[in-house]
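FYI, in mature numbering (1 follows the signal peptide of the UniProt record, and there is no 0) the residues of the sequence shown are -28 to -1, 1 to 398. Each residue gets a CB set at the ideal place from its N, CA and C atoms; glycine is no exception.
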Amino acid sequence: MSWLSPPPNTLPRPRALLVAALAVVLMAAGCSTKTDDTTQAAAGEPATGPGVTDQVIKLGVLTDRTGPFAAAGKSAEQGRQLFWDKKNAQGGVCNRKVEFVVKDHGYNAQNAVTAYAQIKDDVLALDELLGSPMIAGLLPDLETDQMLTMAASWSSNLLTNPYVVITGSTYDIEMINGIHWLIENKGLAKGDKIGHIFLEGDYGENAAAGSSAAAKEFGLQLIEQKIKPTDADLTGQVTALRGAGADFVLLTTTPAQTASAVGVAAASGYGATFLGSNPAFSPALLRSPAKSALEQRLLVTTSIAPFSSTAPGPSEVRNAFLAKYPDQLKTGFVMYGYAQGEIMANILAKACQNNALTRTGLLQAFQSLQDVQTNGLVPALDYSKPGQIPSRQVYLVRPDAKAAGGLTQVEAMFAAPFATTYQQSR
């Protein structure tokens, strides 16, 4: 499910309105603009910032519980809760339990502005900020407030803000690795034409930067088709790519648009192979008329292990999930939420080691981490180079209605040689 492209009735307001609205909310609430209200500690104890007591560390979560991406948000929350239930039972971090202050923005940017103002002084960091419009609207304030934030997005463009934490590989890296895999395994060759249907905005255009770089590197002819979130029928785009002679089509779209593109191709006899960015697919599509076409024609590149993975780490999380939530929706975002917990626990533990459970201390701890392991839930992560992509590896998966979570692994984590040297444009 795409967290980057709002459906027709949830398009974000201009960023300027978001910033202005936040200023109004802050003034009305009489909030301080102080960035890190640090409390000096007794001898042997760490200095502490907002949301930290001698017993508890509070983290904020701005998610979607009632809007169009509630299912994905809920899965990530369940994964996060599984991790912290276990961690807290073992004593937590720095002899403190971790608790969450959760606000539902319903995938509405204005709601996120209001919710952020309500919790910003009560939490040490944001354990999740879901949705590109919400992230874009709050980026300046995250930096002003020194609010370390785990973004539920994979755009490398966000890395210009030092307080943004990305869990996995970015959209441009996904495309580079996916195209490399098509060359190695599906006969895509130098001089061939390859199409890319992508959404306007950060999600689509960051992926398009990757496909453009890969086309130049591998000598391919790239044919782009930019679309809007409101474009429900992709017949025109698919027909254009067929007419241009593209035998491979990249999709950085909403799940519904993915179903449209693949379904149109199947119905018209267009034999293209489709490769989607990680938010382009949702297990719900396997209950749609496009099910067979998706299973036969679509591949997905992602840095999140599929729910059905038999590797030790994902299997442990899956078993814990089934024990606690046996009747709940099974998706890879459970793995994502659990991985978020692993990453935040690493950051907090390092900050504790440095005697600085403050916002400044958290940033320093985050930027010192070079090899964060999540037992295969996502690739190993290097956060020690500010502004750089933290991982270059992806999984390749395909839709499978028989698999728990709707995806089956095709290729274990890998990184194309070009993906390891690629530098994102600013």
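Limits of the beta strand (DSSP E) - the one that residue i falls within
| i | result |
| --- | --- |
| glutamate 172 | Here glutamate 172 belongs to no beta strand (DSSP E), and DSSP marks it neither H nor E. |
| glycine 163 | Glycine 163 -> no beta strand (DSSP E), and no H or E assigned at all. |
| alanine 124 | 121 to 124 |
| valine 33 | 28 to 35 |
| isoleucine 138 | 136 to 138 |
For residue i, the nearest candidate out of the options (CA to CA)
| i | options | result |
| --- | --- | --- |
| alanine 123 | Met316, Ala231, Val382, Thr282 | Met316 |
| proline 40 | Pro227, Phe170, Leu98, Thr121 | Pro227 |
| lysine 188 | Ala352, Lys198, Lys165 | Lys165 |
| glutamine 312 | Ser127, Thr211, Leu349 | Leu349 |
| glutamate 267 | Ile319, Leu334, Leu258, Thr303 | Leu258 |
| aspartate 117 | Ile138, Asp354, Trp126, Asp93 | Asp93 |
| alanine 252 | Ala44, Leu301, Asn291 | Ala44 |
| leucine 101 | Val137, Arg68, Asn67 | Val137 |
| lysine 158 | Cys66, Phe246, Ser128 | Phe246 |
| serine 275 | Lys198, Thr346, Ile155, Tyr88 | Thr346 |
| valine 236 | Thr392, Leu222, Thr211 | Thr211 |
| tyrosine 355 | Arg364, Val366, Tyr367, Gln342 | Gln342 |
| alanine 376 | Leu368, Pro362, Pro286, Tyr79 | Pro286 |
| residue 409 | Trp126, Thr35, Phe170, Tyr88 | The structure shown does not extend to residue 409, since the chain is modelled only from -28 to 398, so the question has no answer here. |
| serine 281 | Gly32, Tyr367, Lys46 | Tyr367 |
Straight-line gap, residue i to residue j (C-alpha atoms, nearest Å)
| i | j | result |
| --- | --- | --- |
| glutamine 90 | proline 201 | 30 Å |
| glycine 208 | arginine 214 | 10 Å |
| lysine 75 | tyrosine 308 | 19 Å |
| tyrosine 394 | glycine 21 | 37 Å |
| alanine -13 | valine 85 | Residue confidence is low: alanine -13 scores 46 on pLDDT, short of 50, so the model does not pin down where it sits. Its coordinate-derived value is still stated next. Going from the Cα of alanine -13 to the Cα of valine 85 covers about 12 Å. |
| arginine 37 | alanine 48 | 11 Å |
| glutamine 336 | leucine 114 | 15 Å |
| proline 298 | glutamine 53 | 15 Å |
| glutamine 62 | leucine 379 | 32 Å |
| residue 472 | glutamine 229 | This structure cannot settle anything about residue 472, because the visible part of the chain is limited to -28 through 398. |
| leucine 192 | glycine 163 | 5 Å |
| leucine 160 | glutamine 339 | 39 Å |
| glycine 2 | phenylalanine 220 | Annotation note: pLDDT 42 at glycine 2 (below 50); position unreliable, no value reported. |
| phenylalanine 72 | glycine 333 | 20 Å |
| phenylalanine 190 | glycine 23 | 50 Å |
| glutamate 17 | asparagine 67 | 11 Å |
| aspartate 174 | alanine 186 | 18 Å |
| leucine 34 | serine 184 | 33 Å |
| threonine 392 | isoleucine 169 | 25 Å |
| leucine 96 | valine 382 | 39 Å |
Within 8 Å, strictly: CB atoms of residue i and residue j
| i | j | result |
| --- | --- | --- |
| aspartate 205 | serine 240 | no |
| valine 70 | isoleucine 107 | no |
| glycine 167 | threonine 224 | no |
| phenylalanine 305 | glycine 140 | no |
| aspartate 144 | glutamine 396 | yes |
| alanine 352 | lysine 263 | no |
| histidine 152 | alanine 388 | yes |
| leucine 329 | alanine 321 | no |
| phenylalanine 390 | isoleucine 148 | yes |
| valine 289 | tyrosine 310 | yes |
| glutamine 360 | leucine 131 | yes |
| asparagine 250 | glutamate 314 | no |
| asparagine 133 | leucine 154 | no |
| asparagine 83 | serine 128 | no |
| alanine 238 | alanine 277 | no |
| valine 234 | valine 369 | no |
| alanine 218 | alanine 181 | no |
First and last residue of the uninterrupted alpha helix (DSSP H) at residue i
| i | result |
| --- | --- |
| glutamate 115 | 104 to 116 |
| leucine 266 | 263 to 269 |
Residue ranges of each alpha helix (DSSP H) run of no fewer than 4 residues wholly in the stretch 333 to 392, ordered along the chain? none
Ranges of the alpha helix (DSSP H) found wholly within the stretch 43 to 95, counting only runs of at least 4: 81 to 91
Pick out the complete alpha helix (DSSP H) segments inside the stretch 284 to 314, 4 residues or longer, and give them in chain order. 284 to 296
Segments assigned alpha helix (DSSP H), at least 4 residues, entirely inside the stretch 186 to 254: 207 to 216, 227 to 240
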